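In this note's numbering, the protein residues as written are -6 to 180.
Encoded as structure tokens, the structure appears first; notes follow it.
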């Protein structure tokens, strides 16, 4: 993936965040573009790793750094793989498999602005710069924006009704909760 392609994809996510369906034009609906869209996970990883290090350093985690790191790496990869795999089946059931690649490419790249919104809140909270209550408020606000953003991408890219898009967003949210809940139990 070239730098211009990455910048193009990030511009597409910006357009989608402004509820501009034309943002989809910045993503290629191809198998190659699908695989390249996982570069978003690599762009986010250092920032997510910093959050994990801050959490560990704060004493929140009661296990060794190696154990914590290994669990979190597996969870990170699982989170990036689980949804696209489930969407293969879901998109067939919803009759929108022909838009699967377009959706997944946009969805993967959309994780970059989502994390750039959420991760600073989490980092400010874990370092004690903002209170837990303030962090909770801002995290809830960020979550509402993210859910709306993902819903718009889902509905627009898959060309499905409002309720179908809401069901897919709920499934995505449930997957995240399950993975995070399981991982927290392993610390």
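Glycine included, each C-beta is placed from N, C-alpha and C at the ideal position.
Predicted, not measured: the structure shown is a model, and the values here were computed from it.
- Burial check for residue 50: the Cβ neighbour count within 10 Å stays below 16, so the residue is exposed.
- For residue 173, the enclosing alpha helix (DSSP H) stretches over residues 155 to 179.
- Per the C-alpha coordinates, the member of 153, 41, 158 positioned closest to residue 114 is 41.
- Within the segment 1 to 29, there are no complete beta strand (DSSP E) runs of at least 3 residues.
- Taking C-alpha positions only, residue 97 is separated from residue 34 by approximately 13 Å.
- Here residue 24 is near residue 94, since their CB atoms are less than 8 Å apart.
- Using a Cβ-Cβ distance cut-off of 8 Å, the segment 162 to 169 and the segment 135 to 152 are in contact, since at least three pairs of beta carbons, one from each stretch, lie closer than that value.
- The beta carbon of residue 8 lies closer than 8 Å to those of 15, 16, 19 in the same chain, with the five residues before and after it left out.
- A straight-line Cα-Cα distance of about 26 Å links residue 122 and residue 69.
- Here DSSP, grouped into helix, strand and coil, assigns residue 145 to helix.
- Per the Cβ contact rule, the segment 106 to 120 is in contact with the segment 129 to 137 (3 or more Cβ pairs under 8 Å).
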